[in-house]
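Residue numbers (the working numbering), protein chains in the order written: chain A, 1 to 114; chain B, 115 to 227.
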C-alpha cells in the first residue's frame, strides 16, 4: 500500500457542529502532517506528528484539535469552526520527520463551513 | 526568511511542446527541493525530490534540475500532453525554518490539444 487516504472527501458543517477528518497510511511512515489549502494558494502547514507525538503546532486555533491514535492514523477534530475555515484539508506522511524525507500527500477533504 | 517564487503563474502551450517551469528561492541553505503536481480540487502528487547534494532528477518525461548556489530549480516537461494540465508547485526545506516545506505559489499549466 503506497498511498495516503483521507475521509470524507467532502464535508459540510455548521458553526456549532463537531466533526472529524481522518487520514490513514500503511507505508510504515512515522511522521504525519496536516495542511490547510485555500483556493489558488499553496498549502499551509498546521500540525506535525512524529512517532505519534505532536512535534509542531503552527499556532493553529484551538477549534482544530489533532490526534494521532497510532502510527497509521491521524485525525483532525473540528469544533465551532468559522466560515473562513472552509478550505481543502490535506494530510501528508513521510518516512520520518527528518527534512531529507519525501512527503506524500492524500487527496484531501473539501470542508465547507456554513 | 525563505521565499519561493514560481514564474510564470500561468502557462498555456500546444500539445507536443517541450516546456520549462521555473522555481527560485532566496535562502540557499536547503535540505532539498520537491516538485508536486496538483489537479483542481485534488491532493498533491509528488513528482521529483532533489536533495541539496544533487544536480538533477529524472522521471519519465520529467527532468528537474537544482542550482543551489543561484537559488534556482527548473522542471522540464518533454513532449507535453493535455493530461499534463495541472498546477505545478515547488517546495523547499530550509535549515533555519525547521525543515518545513515552504511552497511557491504554483504555475498553472494548460496544454491544448
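Where a beta carbon is used, it is the ideal one built from N, C-alpha and C, also for glycine.
Next item on the list: Can you give me the start and stop residues for the beta strand (DSSP E) that residue 93(A) sits inside?
Entry: 87-94
Note to self: Pop quiz: residue 166(B) and residue 182(B) are said to be a contact at Cβ under 8 Å. What is the actual Cβ separation, rounded to whole angstroms?
What the structure shows: 6 Å
Check: What is the DSSP secondary structure of residue 153(B), reduced to helix, strand or coil?
Finding: coil
Check: Which residues of chain A have a Cβ atom closer than 8 Å to the Cβ of residue 182(B), listed in chain order?
Finding: Residues of chain A passing the Cβ test: none, with the nearest at roughly 14 Å.
Next item on the list: Pull up the CB-CB distance for residue 223(B) and residue 190(B), whole angstroms please, since I reckon it's below 8 Å.
Entry: Not confirmed; about 13 Å, so no contact.
Notebook entry, point to check: By how many angstroms is the C-alpha of residue 50(A) removed from the C-alpha of residue 43(A)?
Noted result: 20 Å
Notebook entry, point to check: So with Cβ pairs under 7 Å, would you call residue 139(B) a contact of chain A?
Noted result: no
Notebook entry, point to check: Among the residues of its own chain, which have a CB less than 6 Å from the CB of residue 138(B), if the five just before and after it don't count?
Noted result: 119, 185 and 186
Note to self: Given this structure, state the Cα-to-Cα distance separating residue 128(B) from residue 200(B), to the nearest angstrom.
What the structure shows: 14 Å
Notebook entry, point to check: How would you write the range of the beta strand (DSSP E) that residue 37(A) sits in, first residue to last?
Noted result: 31-37
Next item on the list: Starting from the Cα of residue 171(B), find the closest Cα among 154(B), 148(B), 214(B) and 115(B) and give me that residue.
Entry: 148(B)
Next item on the list: Keeping to the same chain, check which residues put their C-beta closer than 7 Å to that of residue 140(B); ignore five residues upstream and five downstream.
Entry: 116, 117 and 185
Next item on the list: In the DSSP assignment, find the unbroken beta strand (DSSP E) run with residue 4(A) in it and report its ends.
Entry: 4-7
Next item on the list: Anything in chain B within Cβ reach of residue 102(A), meaning under 7 Å, just list it in chain order.
Entry: 148, 160 and 163
Note to self: So if DSSP puts residue 25(A) in a beta bridge, which residue, or which two residues, is it bridged to?
What the structure shows: 4(A)
Check: Listing by chain order, which chain A residues have their CB less than 7 Å from the CB of residue 203(B)?
Finding: 42
Notebook entry, point to check: Quick one, which of 174(B), 214(B) and 206(B) has its alpha-carbon nearest residue 220(B)'s?
Noted result: 206(B)
Checklist line | Min CB distance residue 99(A) to chain B below 7 Å | finding: yes
Check: Using CA coordinates, which residue listed in 64(A), 39(A) and 31(A) is at the minimum distance from residue 48(A)?
Finding: 31(A)
Next item on the list: Determine the DSSP secondary structure at residue 132(B), reduced to helix, strand or coil.
Entry: coil
Checklist line | Which listed residue (61(A), 59(A) and 7(A)) has its alpha carbon closest to that of residue 22(A) | finding: 7(A)
Item checked: Which of helix, strand or coil DSSP assigns to residue 211(B) -> helix
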